[in-house]
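Peer 1: Take this structure, written in structure tokens, and hold onto it; I'll ask about it next.
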Amino acid sequence: MKIGFLSRWNATCGVSMHAELIGRELLRKGHEVKVFAPYKESANKWWHHRIVKDDEDFVVRCYYELDPKTMDGGGIDEKKILDEDFDVLIVESYNSIPYRDVEEIAKKLKGEGRSVTLVVHEGAKEDMRYSSLDIFDATFVFDERYVKMLSGYGGNIHVIPYPCHPPSPSKREFSKDDLIFFSFGRQPPKEYDDFIKALDDLESKYDFTYRIVRSDGLLPIERKWLVQHQVRLKDNEEVYDYLHMSDIHLLPKGNTRKVVVSSTLCQCIGSLVPTVVPNTRHFEMLPDEKPVVIYKDVEDLERKISMIIENDGYREKLKIAAARYAGENSSSRIADKFLQVLRKVTV
Numbered sequence: 001m002k003i004g005f006l007s008r009w010n011a012t013c014g015v016s017m018h019a020e021l022i023g024r025e026l027l028r029k030g031h032e033v034k035v036f037a038p039y040k041e042s043a044n045k046w047w048h049h050r051i052v053k054d055d056e057d058f059v060v061r062c063y064y065e066l067d068p069k070t071m072d073g074g075g076i077d078e079k080k081i082l083d084e085d086f087d088v089l090i091v092e093s094y095n096s097i098p099y100r101d102v103e104e105i106a107k108k109l110k111g112e113g114r115s116v117t118l119v120v121h122e123g124a125k126e127d128m129r130y131s132s133l134d135i136f137d138a139t140f141v142f143d144e145r146y147v148k149m150l151s152g153y154g155g156n157i158h159v160i161p162y163p164c165h166p167p168s169p170s171k172r173e174f175s176k177d178d179l180i181f182f183s184f185g186r187q188p189p190k191e192y193d194d195f196i197k198a199l200d201d202l203e204s205k206y207d208f209t210y211r212i213v214r215s216d217g218l219l220p221i222e223r224k225w226l227v228q229h230q231v232r233l234k235d236n237e238e239v240y241d242y243l244h245m246s247d248i249h250l251l252p253k254g255n256t257r258k259v260v261v262s263s264t265l266c267q268c269i270g271s272l273v274p275t276v277v278p279n280t281r282h283f284e285m286l287p288d289e290k291p292v293v294i295y296k297d298v299e300d301l302e303r304k305i306s307m308i309i310e311n312d313g314y315r316e317k318l319k320i321a322a323a324r325y326a327g328e329n330s331s332s333r334i335a336d337k338f339l340q341v342l343r344k345v346t347v
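Just so we're aligned, residue 1 is where the sequence shown starts under this note's numbering, counting upward by one.
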């Protein structure tokens, strides 16, 4: 099958990661893939999706994104898409994609007998600016919350979870030489507050290092146990190198009313390093056998960190649950689920 993607690509965001996980699996399975991505001057303009790698030969940069503050601008060089040979287009929809242009291209492609599908990354229906989801042959969402959110918007909706990197466990012995906590990313500094407060309290009980890697500025704090690096991790291999040198992954996330999943968790859970997360909407659809540790407040966080450190059986239980979740939602399995739908809509 010849499959096109309209999406961010080689960028530091969940939209790009989803497209890359699925797209690269499709390539491995022998399908042809063509990617239509934002122009670099657009893709590099806003902090949340800067390009971190050189493009492959199958990437065509052909559109400008909407300004996320004003929702102005944006546009697609539709000829670069319409002239390419593919059977179906997968649109990774997000709140800076030029909606009107996407809808026009979808109509033209369908007029040519080609199929167009949509992956919903938006967390609220009012953020989406299509006339209806009925213009797409299929709409993919990550869980049932999105189905409820999109009620009344039309569309042939299919629930397919966000893909995970497959299990790749560390060979490190827990807390060998030093107990190491690890965080990375660009989350606002305040989202680290719980972790810092908890570790302040646990400092008298344990010896440890908290390593934080951030690309856009260090946290404005200093502790004797805190080591910060300002560097942009360019790929998943670098992320896993850090995870495999760590004992506990502290994943900061802020509260939101919107429907969301954590692409960072899906990226990292295959490391099988115990992961600690706040009780936010990002994690509310995880299975009953939780593959992560969810805390409700700083006191609960301290208690659960101590459990991870002191209870070998608890760590093993977390590892087994994480391996199961990452395996059941591996990028290969999720790509197969996409293919099942794509084959139906291209008949």
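We treat Cβ as the ideally placed atom computed from N, Cα and C, and that holds for glycine.
1) As a quick exercise: from F195, L66, M17 and F283, pick the residue whose alpha carbon is nearest that of R182.
2) With 16 other CB atoms within 10 Å as the buried threshold, where does S204 fall?
3) Assign H165 to buried or exposed, taking buried as 16 or more other Cβ atoms, counted over all protein chains shown, within 10 Å of its Cβ.
4) Taking DSSP as the reference, what is the three-state secondary structure of G74?
5) Whether or not the region 201-216 and the region 148-160 are in contact is what I'm after, with contact meaning three or more pairs of Cβ atoms, one per stretch, closer than 8 Å; do they touch?
6) Secondary structure at L218, three-state DSSP: helix, strand or coil?
7) Would you kindly work out how many angstroms separate the C-alpha atoms of K53 and Q187, rounded to a whole number?
8) Which of helix, strand or coil does DSSP assign to P278?
9) Identify the residues that DSSP records as bridge partners of E92: which are they?
10) Using DSSP's beta-bridge definition, name the partner residues of S183.
11) Going by DSSP, what residue range makes up the alpha helix (DSSP H) through A11?
12) Give me the Cα-Cα distance between H31 and K304, rounded to the nearest whole angstrom.
13) So is R257 buried or exposed if we call it buried at 16+ other beta carbons inside 10 Å?
14) With a 10 Å radius around its C-beta and 16 neighbouring C-beta atoms as the bar for buried, classify G351 as buried or exposed.
15) State buried or exposed for W47, treating a residue as buried only when at least 16 other CB atoms are found within 10 Å of its CB.
16) Give a yes or no on whether the C-beta atoms belonging to F58 and V91 are separated by under 8 Å.
17) Out of N10, F5, F184 and V147, state which residue places its alpha-carbon closest to the alpha-carbon of D87.
18) Using the rule of at least 16 other Cβ atoms within 10 Å of the residue's Cβ for burial, across every protein chain shown, is N44 buried or exposed?
19) Report buried or exposed for Q267, applying the criterion of at least 16 other Cβ atoms within 10 angstroms of its Cβ.
20) Does the separation of the CB atoms of S16 and T346 fall below 8 Å?
21) Out of R8, I334 and E25, state which residue places its alpha-carbon closest to the alpha-carbon of E41.
22) At what residues does the beta strand (DSSP E) containing R61 begin and finish?
Peer 2: Let's see:
1) According to the sequence shown, residue 182 is Phe rather than Arg. Of the listed residues, the one whose Cα sits closest to F182 is F195.
2) exposed
3) buried
4) strand
5) no
6) DSSP, read as helix, strand or coil, puts L218 in coil.
7) 21 Å
8) strand
9) V119
10) I212
11) First-last for A11: undefined, no H or E at that position.
12) 45 Å
13) exposed
14) This structure cannot speak to residue 351, because the chain is shown only from 1 to 347.
15) Below a pLDDT of 50, predicted positions are generally treated as unreliable, and W47, at 47, falls in that range; the measurement from the model is reported next regardless. It counts as exposed.
16) no
17) F5
18) Exposed is the call here.
19) buried
20) With respect to T346, S16 sits apart: the two C-beta atoms are not nearer than 8 Å.
21) R8
22) V59 to L66
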